[in-house]
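K.L.:
In our numbering, the protein residues as written are 42 to 211.
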């Protein structure tokens, strides 16, 4: 799929079919995600993959409704690998996580799958239930799968600001 088409057609899937995601597609998604840029190439993230019934039940300890997704990526930050900005003492971790998650969602589209970025979950419950390493913080869940046949896009999907509203030439 062409990148422009992915950008225009990708939407947040809020109802997944029960069809399992093929292992080759999971591998492709992870390979493309691995290529995401991060500050200083520090790669301050770890990804936990939940694809079995048992694993998905563990993820549900932090978010009870997975909307039928047969696959969930728990994207975690690793503060030990972050980069500190020399001019404002902020670290790059959340920016890097955002880039990684966006790459992951576009990779899902590339292989014909839908996805949903979820930040409304209990990270501590997820961390305990999934068995996430102590130095990591669960930052987001990416729900993945085939959209259900009656899944529709949000009415706000096409609502975008005009370029002139957010671009400022200097």
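Ideal placement from N, C-alpha and C gives every residue a C-beta, glycine not left out.
Computed from a prediction, not measured in an experiment: that's the story for all the values here.
How many Å lie between residue 201 and residue 193 at the Cα?
P.N.:
The count along the chain shown starts at 1 and reaches residue 201 at position 160. The count along the chain shown starts at 1 and reaches residue 193 at position 152. Each residue's alpha carbon lies about 18 Å from the other.
K.L.:
Considering residue 159, what are the terminal residues of the beta strand (DSSP E) in which it resides?
P.N.:
The sequence position of residue 159 within the chain shown is 118, counting from 1. Taken as a continuous stretch (DSSP letters only), the beta strand (DSSP E) holding residue 159 covers 155 to 159.
K.L.:
Using the rule of at least 16 other Cβ atoms within 10 Å of the residue's Cβ for burial, across every protein chain shown, is residue 137 buried or exposed?
P.N.:
The sequence position of residue 137 within the chain shown is 96, counting from 1. Residue 137 is buried by the Cβ-count criterion.
K.L.:
For the segment 84 to 98 against the segment 113 to 126, are there 3 or more C-beta pairs whose distance is under 8 Å?
P.N.:
yes
K.L.:
Within its chain, find whatever has a CB closer than 8 Å to the CB of residue 177; leave out the 5 residues flanking it on each side and keep chain order.
P.N.:
Here residue 177 refers to the residue found at position 136 of the chain shown. Correct list, in chain order: 87, 117, 118, 119 and 168.
K.L.:
Unbroken beta strand (DSSP E) runs of length 3 or more, entirely within the segment 171 to 208: which are they?
P.N.:
Within the segment 171 to 208, the complete beta strand (DSSP E) segments at least 3 residues long are 177 to 186, listed from N- to C-terminus.
K.L.:
What whole-angstrom Cβ distance do residue 89 and residue 171 have, given they're in contact under 8 Å?
P.N.:
The residue labelled residue 89 in the question sits at position 48 within the chain shown. The residue labelled residue 171 in the question sits at position 130 within the chain shown. Right, their Cβ atoms sit about 6 Å apart.
K.L.:
Report the three-state DSSP secondary structure of residue 162 (helix, strand or coil).
P.N.:
The sequence position of residue 162 within the chain shown is 121, counting from 1. In this structure, residue 162 counts as coil in the three-state DSSP scheme.
K.L.:
Who pairs with residue 125 in a beta bridge, going by DSSP?
P.N.:
Within the chain shown, the letter at position 84 stands for residue 125. Answer is 132, bridged to residue 125.
K.L.:
Report back the beta-carbon spacing between residue 164 and residue 103 to the nearest angstrom; my notes put them in contact at under 8 Å.
P.N.:
Here residue 164 corresponds to residue number 123 of the chain shown, with the count starting at 1. Here residue 103 corresponds to residue number 62 of the chain shown, with the count starting at 1. So it is a contact: roughly 7 Å between Cβ atoms.
K.L.:
Just to confirm, is the Cβ distance from residue 57 to residue 91 under 9 Å?
P.N.:
Start at 1 with the first residue of the chain shown, and residue 57 comes out as number 16. Start at 1 with the first residue of the chain shown, and residue 91 comes out as number 50. Contact: no.
K.L.:
For the beta strand (DSSP E) holding residue 87, just list the boundary residues, first then last.
P.N.:
The residue you call residue 87 lines up with position 46 of the chain shown. Element bounds for residue 87: 86 to 91.
K.L.:
Taking 9 Å as the threshold (C-beta atoms), are residue 159 and residue 70 in contact?
P.N.:
To locate residue 70, count along the chain shown from 1; it is residue 29. To locate residue 159, count along the chain shown from 1; it is residue 118. No, the Cβ-Cβ distance between residue 70 and residue 159 is not below 9 Å.
K.L.:
Taking the alpha carbon of residue 64 as the point to measure from, which residue in 93, 180, 161 and 207 has its own alpha carbon closest?
P.N.:
Translated into the one-based positions of the chain shown, residue 64 becomes position 23. Cα-wise, what sits closest to residue 64 is 93.
K.L.:
Only counting the same chain, and skipping five residues up and downstream in sequence, which positions put a Cβ closer than 7 Å to that of residue 142?
P.N.:
Walking along the chain shown from the start, residue 142 turns up at place 101. These residues qualify, in order along the chain: 116, 158, 181 and 183.
K.L.:
Tell whether a beta-carbon distance below 9 Å holds between residue 108 and residue 101.
P.N.:
Mapped onto the chain shown, residue 108 falls at position 67. Mapped onto the chain shown, residue 101 falls at position 60. It is not a contact, given that the beta carbons lie outside the stated cut-off.
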